[in-house]
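In the UniProt record's numbering, the protein residues as written are 1 to 586.
Contents: one structure, followed by commentary.
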């Protein structure tokens with residue numbers, strides 16, 4: 001139960017619903033206990049009638065009818081109160097489920113890029129869906145039935161002791177055996193449940209990855225191979241599930257057997273006590289049998305509840321593993337930060353933790369508000385790392401990044417990212433309309449603003465060519481569009497945000513040179529008063545920049561304007577001549 005202690009804060013948060021549910025449960029159990037008493041009273045009245053000839057039939061009939069009406073009334077009241085109990089405690093569990101899912105989701109949002117490199121999406125999805133659902137079964141049904149069982153046991157046993165302490169002791173004889181069996185089986189359920197949840201995450205991760213990469217699988221005609229892999233993984237998961245189900249299946253029969261033994265104990269010892277005169281009425285035996293049967297469901301539910309608790313413990317442990325992770329990127333300044341856009345790198349070095357690759361080494365440059373910096377270099381030279389560091393997806397290993405004269409770590413993280421419009425190298429679009437994908441950069445944007453941004457990104461004509469135009473629903477990751485169209489929609493999304501800093505990370509690689517030229521000319525006007533950084537492999541994307549830096553293996557090997565660099569016998573000049581000759585051949 002150690003892992004489940006994390007949920008205590010939610011029980012405190014919903015303490016009024018929790019306490020109200022307990023009060024309703026107590027009252028419901030009190031009303032449900034009228035039935036055995038009334039039945040015992042009816043038996044005694046019949047026995048008295050048989051022994052005493054002075055008692056009239058009409059009197060007995062009237063008393064029996066009165067008892068029956070009382071039984072019906074108290075049963076209806078107990079049933080209604082049980083309904084209220086479920087409404088109170090189960091609804092509380094749904095609120096807790098809602099809050100816990102939001103907490104997990106917020107934690108996912110706060111965790112750094114390194115976390116997502118080390119964990120698979122399917123596993124993350126499984127924890128926020130399957131695991132949280134298992135936890136809800138604990139805070140809802142498991143807690144409700146536990147409260148119900150404890151209260152019923154306490155009240156019923158008190159009633160039983162008041163009637164016959166000796167017969168009560170006989171009736172409770174099987175309980176130590178029951179407790180030991182529950183303890184042993186629950187421990188085994190906890191182990192098997194943890195293993196099953198791990199395999200469930202593996203299946204989720206595998207299928208999510210396959211669906212995301214279905215085009216590649218079809219292109220290589222590997223459907224059968226991946227089908228076989230899934231079958232093998234699913235068989236292993238099924239084996240663990242059946243192993244868990246087998247141990248869970250022991251509970252029901254075991255509980256019912258013990259209840260049956262208790263009934264036999266009541267009949268045998270109660271009969272002997274009635275013969276010996278210790279019990280005065282046969283109605284007492286009937287009353288005890290009803291008490292024992294009233295305990296049947298609570299005792300039988302102990303197995304189910306125990307199983308739910310063990311599964312919830314295993315699931316909450318998996319959830320806690322992520323909730324306890326401290327995000328690497330912390331917002332150290334809760335106050336408001338005004339971003340103008342001057343960016344300075346001072347001897348910045350960065351090494352990726354997961355691969356130990358040194359992406360940047362002693363990089364120094366400054367970009368002032370209103371200036372454009374272009375970054376060129378070979379693949380893996382560290383260009384995209386600079387973009388990630390500016391948006392503070394990572395923190396530098398060495399050196400300093402300064403924004404408007406302030407260390408980047410002292411700037412409010414949310415204000416920093418709100419002031420940045422970024423177009424990533426791998427354009428990501430959501431399964432939504434084209435309009436909403438563009439408005440992602442500015443949720444309250446008007447249709448006119450959306451169209452203007454699309455025109456600046458030279459994608460408007462493509463969009464109006466679709467049957468539903470801007471209302472066209474895109475497939476997963478924007479699969480409906482071509483690579484160049486996805487890049488241009490991503491550019492429109494950044495433009496409409498109207499940020500102080502614009503970061504273009506090789507976002508024109510899938511666009512033809514003519515369209516690229518048009519987009520770049522449009523950006524000249526848009527970026528006039530903004531800090532702009534363009535990462536590219538093409539000289540055509542960099543030539544209009546105020547300053548160009550060339551990276552090689554994380555170091556700056558050249559820097560200057562376009563005219564300065566083409567006059568030097570270096571990487572930029574060679575790249576310019578090569579791309580110029582390729583353009584002429586086209």
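A virtual CB, placed ideally from N, CA and C, is assigned to each residue, including glycine.
Which class does residue i belong to by DSSP, given the choice of helix, strand or coil?
i           : result
residue 585 : For residue 585, the predicted structure reports a pLDDT of 49, less than 50, and the residue's modelled location is therefore unreliable. The matter cannot be settled from this model.
residue 281 : coil
residue 260 : helix
residue 405 : coil
residue 392 : coil
residue 271 : helix
residue 14  : coil
residue 9   : helix
residue 295 : coil
residue 111 : coil
residue 221 : coil
residue 250 : coil
residue 2   : coil
I'd like to confirm the pairing. Which residues does DSSP put opposite residue i in its beta bridges?
i           : result
residue 400 : 346
For residue i, which residues of its own chain have a beta-carbon under 7 Å away from its beta-carbon, when the five flanking residues on both sides are left out?
i           : result
residue 487 : 427, 507, 508, 510 and 511
residue 377 : 383, 550, 551 and 552
residue 460 : 451 and 454
residue 4   : 138, 312, 313 and 316
residue 485 : 459 and 462
Counting only the same chain and skipping the five closest in sequence on each side, list residues whose C-beta sits under 6 Å from that of residue i.
i           : result
residue 598 : Only positions 1 to 586 of the chain appear in this structure, which leaves residue 598 out of reach.
residue 413 : 331
residue 287 : 36 and 40
residue 318 : 127 and 131
residue 402 : 344
residue 328 : 112
residue 361 : 349, 554 and 555
residue 574 : none
residue 70  : 38
Who are the Cβ neighbours of residue i in its own chain at under 8 Å, not counting the five residues just before and after it?
i           : result
residue 8   : none
residue 92  : 14, 17, 18, 21, 139 and 140
residue 226 : 210 and 217
residue 425 : 384, 505, 506, 507, 509 and 535
residue 585 : Residue placement at residue 585 is flagged as unreliable, the pLDDT there being 49, under the threshold of 50; a coordinate-derived value is accordingly withheld.
residue 419 : 339, 341, 499, 500 and 501
residue 480 : 472, 473 and 474
residue 142 : 305, 308, 309 and 312
residue 517 : 540
Pull up the CB-CB distance for residue i and residue j, whole angstroms please, since I reckon it's below 8 Å.
i           : j           : result
residue 384 : residue 224 : So it is not a contact: roughly 37 Å between Cβ atoms.
residue 97  : residue 200 : Not really, about 18 Å apart at Cβ, beyond 8 Å.
residue 367 : residue 531 : 5 Å
residue 346 : residue 399 : 5 Å
residue 371 : residue 547 : 7 Å
residue 153 : residue 78  : Actually they do not touch by this definition, with Cβ atoms about 16 Å apart.
residue 322 : residue 244 : Actually they do not touch by this definition, with Cβ atoms about 23 Å apart.
residue 381 : residue 554 : 7 Å
residue 125 : residue 204 : 6 Å
residue 491 : residue 423 : 5 Å
residue 281 : residue 57  : Incorrect: roughly 20 Å between the Cβ atoms, too far for contact.
residue 496 : residue 387 : Between residue 387 and residue 496 the Cβ distance is about 19 Å, and since that is not below 8 Å, they are no contact.
(message) Extract the residue ranges of the beta strand (DSSP E) inside the segment 302–382, only unbroken runs of 3 or more that lie entirely within it.
(response) You should have 343–351, 358–367 and 372–377.
(request) Identify every run of the beta strand (DSSP E) within the segment 498–582, keeping only runs that are complete inside it and at least 3 residues long; order them along the chain. (result) Fully enclosed beta strand (DSSP E) runs of no fewer than 3 residues occupy 501–505, 531–535, 547–552 and 555–560 of the segment 498–582, in order along the chain.
(message) In chain order, what are the residue ranges of uninterrupted alpha helix (DSSP H) at least 4 long that sit wholly in the segment 407–484?
(response) Annotation: the segment 407–484 contains the following complete segments of the alpha helix (DSSP H) (minimum length 4 residues), in chain order: 413–418, 434–439, 447–456 and 460–464.
(request) Any chance you could list the alpha helix (DSSP H) runs of at least 4 consecutive residues sitting entirely within the segment 118–193, in chain order? (result) Secondary structure within the segment 118–193: the alpha helix (DSSP H) runs of 4 or more consecutive residues, fully enclosed, are 121–126, 132–137, 143–163 and 165–171 (chain order).
(message) Going residue by residue through the segment 16–101, where are the continuous alpha helix (DSSP H) segments of at least 4 residues, counting only ones entirely within it?
(response) Runs found: 34–51.
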